[in-house]
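Asks: The structure that follows is given in the form of structure tokens.
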């Protein structure tokens, strides 16, 4: 009986380890996996009206509601700026990569590389391009125009005369929730874009190191 429990415990431990390994693998090698499903779930949640009761809006909450409302709008801008910076950085790296490949070909450095190594390098370069392509696609998803929920003068005109401040605060809390969900979609895509970009750069550095190392060993 004791041996059976130990075996079951070991099996459960191995199962948990495998699940953890697969999760880490997906997060680092395939960071874009499941983004559409997550986005769909968030958008479905936004379609369901969620409002905050006026009874819960107290005076001490008004200032905090204002701060969070403004912060959420600024956070969206920060995420979009990071995506733009990532696209610019990627353009610079691709330019440097093109220059480096042209330099190596022009100098005849690749002549010293074996056929097997060339095939490995070609596969690695293809993988880099795939990662960069996915990174660009995810970054463009961040910059995609999505609804931004703000209070307009038209909204203010619809408020009742009594308790206007509380009504404005309630409306800000509603809009903050919606903006937070939209920003979460953008932040997920930004995270995937950064991971894919990181993976592409790591593989690219390995390629450069292998080319230089192989060329030096052949020349020597």
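In this note's numbering, the protein residues as written are 8 to 227.
Note that the Cβ used here is the ideal one computed from N, Cα and C, for glycine as well.
#1: Among the residues of its own chain, which have a CB less than 6 Å from the CB of residue 142, if the five just before and after it don't count?
#2: Are at least three pairs of beta-carbons, each pair with one atom in the segment 180-198 and one in the segment 66-85, less than 8 Å apart?
#3: Residue 178: buried (16+ other C-beta within 10 angstroms of its C-beta) or exposed?
#4: Are the beta-carbon atoms of residue 136 and residue 90 separated by less than 8 Å?
#5: Just checking my contact of residue 101 with residue 139 at CB under 8 Å: how many whole Å lie between their CB atoms?
#6: Just to confirm before moving on: does the CB-CB distance between residue 147 and residue 218 stay below 8 Å?
#7: Alpha carbon to alpha carbon, how far is residue 73 from residue 99?
#8: When the Cα of residue 87 is compared with those of 216, 180, 152, which residue comes out closest?
#9: Would you report the Cα separation of residue 176 and residue 144, rounded to the nearest angstrom?
#10: Applying the 10 Å Cβ sphere with the 16-neighbour rule, what's the burial state of residue 197?
#11: So, under 8 Å CB-CB, residue 97 and residue 221 are touching, yes? Tell me the CB distance rounded to an integer number of Å.
#12: Considering only residues of the same chain and omitting the five flanking positions on each side of residue 211, which have a CB-CB separation below 6 Å?
#13: On the criterion of 16 or more Cβ atoms from any shown chain inside 10 Å, does residue 215 qualify as buried, or is it exposed?
#14: Skipping 5 residues on each side, what residues in its chain have a beta carbon closer than 8 Å to that of residue 121?
#15: Report the three-state DSSP secondary structure of residue 77 (helix, strand or coil).
#16: By the 10 Å Cβ neighbour count, where 16 or more other Cβ atoms means buried, how is residue 183 classified, buried or exposed?
#17: Taking all protein chains shown into account, do 16 or more other C-beta atoms lie within 10 angstroms of the C-beta of residue 93, making it buried, or fewer, making it exposed?
#18: I'd like to confirm something about residue 76: is its beta-carbon nearer than 7 Å to some heavy atom of the ligand SAM, or not?
Replies: Quick look at the numbers:
#1: 200, 203, 204
#2: The segment 180-198 vs the segment 66-85: in contact.
#3: buried
#4: no
#5: 7 Å
#6: No, they are not a contact pair.
#7: Whole-angstrom Cα-Cα distance: 40 Å.
#8: Per the Cα distances, 152.
#9: 37 Å
#10: That one is buried.
#11: Not really, about 27 Å apart at Cβ, beyond 8 Å.
#12: 135
#13: Exposed is the call here.
#14: Spatial neighbours of residue 121 in its own chain (CB-CB distance under 8 Å, excluding positions within 5 residues in sequence) are listed in chain order as 221.
#15: helix
#16: Buried: at least 16 other Cβ atoms inside 10 Å.
#17: buried
#18: Judged by which ligands are present, the structure shown has none, so any question about the ligand SAM falls away.
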